[in-house]
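In my numbering, the protein residues as written are 3 to 155.
The beta carbon of each residue, even a glycine, is placed where N, CA and C say it ideally should be.
Worksheet: the structure to be examined is printed underneath.
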């Protein structure tokens, strides 16, 4: 196997893992926030911890003026400047799959490509700031599998 192919497969898997982990952390934090409703100062501290886990607080503060929930969510999901944002990692997964398209099963390429295109469409059409109910639905869709272009549970 060529080192270029091995490298692309490694990074495709690594970005997939990072995307799944960061999405799970955000889902857990959303549930935590709902459980602590009315205690804003407590859950802001938790969002700051999520920011430190999933990205860089210093990078975030270079782009935003304060640590607030909606800007953090936007930064972690959609920011072009955050190398760990969902938008960025999904693009990296697809690019690495595209590079190895002739070496991976056609079904894997089709799944990665369909997932990327679906999520990119969702990202482009979502209103900002994102209502938390819509965000939960967005995450629920991101944890499902795509088979033959259809979403299944």
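First and last residue of the alpha helix (DSSP H) that includes residue i?
{"i": "residue 108", "result": "108-127"}
Using CA atoms only, rank isn't needed, just tell me which of the options is closest to residue i.
{"i": "residue 5", "options": "70, 105 and 87", "result": "105"}
{"i": "residue 100", "options": "58, 86, 115 and 89", "result": "115"}
{"i": "residue 32", "options": "49, 22 and 20", "result": "49"}
{"i": "residue 157", "options": "142, 137 and 8", "result": "Outside the displayed range of the chain (3 to 155) lies residue 157, so it cannot be described from this structure."}
{"i": "residue 88", "options": "11, 22 and 71", "result": "22"}
Do the region 6-22 and the region 80-99 meet, that is, are 3 or more Cβ pairs less than 8 angstroms apart?
-> As far as the Cβ criterion goes, the region 6-22 touches the region 80-99, which means the pair count is three or higher.
What runs of the alpha helix (DSSP H), each 4 residues or longer, lie entirely inside the region 33-104?
-> If one requires a minimum length of 4 residues, the alpha helix (DSSP H) runs lying completely within the region 33-104 are 42-56, 59-65, 71-80 and 88-101, in chain order.
Evaluate contact between the region 116-130 and the region 25-37, counting only Cβ atoms and requiring at least three cross-stretch pairs below 8 angstroms.
-> Segments in contact, no.
Between the region 78-89 and the region 51-69, do at least 3 Cβ pairs fall closer than 8 angstroms?
-> Taking a cut-off of 8 angstroms on C-beta distances, the region 78-89 touches the region 51-69, as three or more cross pairs fall below it.
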